[in-house]
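Colleague: Take this structure, written in structure tokens, and hold onto it; I'll ask about it next.
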Amino acid sequence: MSSLEINMAEFAEAERICGWISDLSSKEARPKAMLELCERRSKIGKLGPMLWQACGAVSGLLQEVIDIFPAVSVNNPDEEQSQRIFAALGLILSIAKHPITGVELMRTQFLYFLAPLLKLTQKTRPIEQLRLSLLIIVCVLLNLNTTESICYTIAAELIPQLLSQLEYGSRTCKILSSYILYRILDNAVGLRFFNRRLSRRTHLVHTLGRIVHQQTLEPDPRILKHVLCIYKRLADYPHSLEMIQLHLPMQLRNGFFCQKNALVYDTVEADLRELNQKVAIKPINMVMGQPIYSLN
């Protein structure tokens, strides 16, 4: 194939892409356009900015999110509805991934429209996939690593849903939720938010305690790592430190996760040592050559 033919083929493909983006503003043409764009999103450079700057594209995707509410509130979405909402969320993810359009997306209060979908309690596969898609979008937005993204996430009132998913969700939902919570707490704004009210601290610390108990029964190193990071970050705040000293699970004090047959990650001993030192705990025993700590 000659270079001229290649250029013509590329030009034709670019025209199709622009046409599909334009079709997102049309209710009739939107389903096919979303599917075509979603299938090619990994191959389209700067798809996020293209969608963001196209007239009516983002409002069309938002309409797809709104339209799914009646279906998921009373029943499971059918196959066509599932394809449409997942294609829409896939394109929203493309916008969220870009460092400029991701911030702009948050400023439109887009998360307020996604947050109600995290309240769904059905355990069916379509709803579970919907929850995972939403959590991935939040993760991507928080990876922008700005205080502004933390503020918008908190303002969208996602925290109760994240704690619920951390405790009752699927394994993947637990991993994503624990990561999001850590990213929020790692920022000074997020840490102050949790410590501003006793009820928030209590809810978080008690939920973490139940998650640690779950880890003794169904261990997952990724969840455990995020939970320990959250504990360590909370211990940096005096009021949270007092609560952790009272409610730190025994499994984090007695070397349970330092046993040879424990399913953990490489630096778990160092993280446990740091956590126990932060909450003013003294060593009383040794496991695998490392000190294990207990409350004074």
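Mind the numbering: the sequence shown is residues 173 to 468 in our numbering, read in order.
For every residue, glycine included, the Cβ atom is placed at its ideal position computed from N, Cα and C.
Is GLY228 closer than 7 angstroms to SER254 when the C-beta atoms are compared?
Modeller: Their beta carbons are not under 7 angstroms apart, which means SER254 does not touch GLY228 by this criterion.
Colleague: Could you tell me how far apart the beta carbons of LEU283 and ILE308 are, in whole angstroms, since I believe they sit closer than 8 angstroms?
Modeller: Contact flag wrong, Cβ pair sits at about 13 angstroms.
Colleague: Just verifying my parser: in three-state terms, what is the DSSP assignment at PRO410?
Modeller: Of the three classes helix, strand and coil, the one that applies to PRO410 here is helix, per DSSP.
Colleague: Taking buried to mean at least 16 other C-beta atoms within 10 Å of its own C-beta, is MET222 buried or exposed?
Modeller: Answer is buried; the Cβ neighbour count reaches 16.
Colleague: Go ahead and label ALA500 buried or exposed: buried means 16 or more other beta carbons lie within 10 angstroms of its beta carbon, across all protein chains shown.
Modeller: Outside the displayed span of the chain (173 to 468) sits residue 500, for which this structure offers no information.
Colleague: For GLY262 and chain B, any beta-carbon pair shorter than 7 angstroms?
Modeller: Chain labels in this structure do not include chain B; a single protein chain is all it has.
Colleague: Would you kindly work out how many angstroms separate the C-alpha atoms of LEU265 and VAL312, rounded to a whole number?
Modeller: The straight-line gap from Cα to Cα measures roughly 8 angstroms.
Colleague: Assuming VAL451 and PRO421 form a contact by the criterion Cβ under 8 angstroms, report the distance between their Cβ atoms to the nearest whole angstrom.
Modeller: The pair is not a contact, with the Cβ atoms about 12 angstroms apart (cut-off 8 angstroms).
Colleague: Comparing C-alpha positions only, which one of GLY274, SER336, GLY362, GLU200 sits nearest to LEU316?
Modeller: Ranking the options by Cα distance to LEU316, first place goes to GLY274.
Colleague: What does the Cβ neighbour count give for HIS398, buried or exposed, with the cut at 16 atoms within 10 Å?
Modeller: The residue in question, HIS398, is buried, as its Cβ has 16 or more Cβ neighbours within 10 Å.
Colleague: Would you report the Cα separation of PRO203 and VAL244, rounded to the nearest angstrom?
Modeller: Spanning the two alpha carbons is a distance of roughly 18 angstroms.
Colleague: Tell me which same chain residues have a C-beta within less than 7 angstroms of the C-beta of LEU334, skipping the five on either side of it?
Modeller: Closer than 7 angstroms at Cβ, skipping near neighbours: SER349, ILE352, LEU353.
Colleague: What whole-angstrom Cβ distance do SER412 and LEU406 have, given they're in contact under 8 angstroms?
Modeller: Their Cβ separation, rounded to whole angstroms, is 4 angstroms, which keeps SER412 and LEU406 in contact under 8 angstroms.
Colleague: Using the beta-carbon count (16 or more within 10 Å), is GLU185 buried or exposed?
Modeller: Classification for GLU185: exposed.
Colleague: Report all residues from its chain with a CB closer than 8 angstroms to the CB of LEU363; omit the five preceding and five following residues, and keep chain order.
Modeller: Excluding residues within five positions, the ones whose Cβ falls inside 8 angstroms are LEU357, ARG405, LEU406, ASP408, TYR409.
Colleague: Nearest by alpha-carbon distance to LEU306: which of THR318, GLN431, LYS432, ALA287 is it?
Modeller: Taking only the C-alpha atoms, the option nearest LEU306 is ALA287.
Colleague: Compute the beta-carbon to beta-carbon distance between LEU292 and ARG279, rounded to the nearest angstrom, for a pair I have assumed lies under 8 angstroms.
Modeller: At roughly 26 angstroms, the Cβ-Cβ gap does not stay under 8 angstroms, so LEU292 and ARG279 are not in contact.
Colleague: Can you tell me the Cα-Cα spacing of GLU276 and ILE322, whole angstroms?
Modeller: Going by the C-alpha atoms only, they are around 14 angstroms apart.
Colleague: Where in the segment 271–305 do unbroken runs of the alpha helix (DSSP H), each at least 4 residues long, occur, reported from the N-terminal end onward?
Modeller: Qualifying alpha helix (DSSP H) stretches, in chain order: 271–279, 283–286.
Colleague: From which residue to which residue does the alpha helix (DSSP H) around GLN225 run?
Modeller: Per DSSP, GLN225 belongs to the alpha helix (DSSP H) from 219–225.
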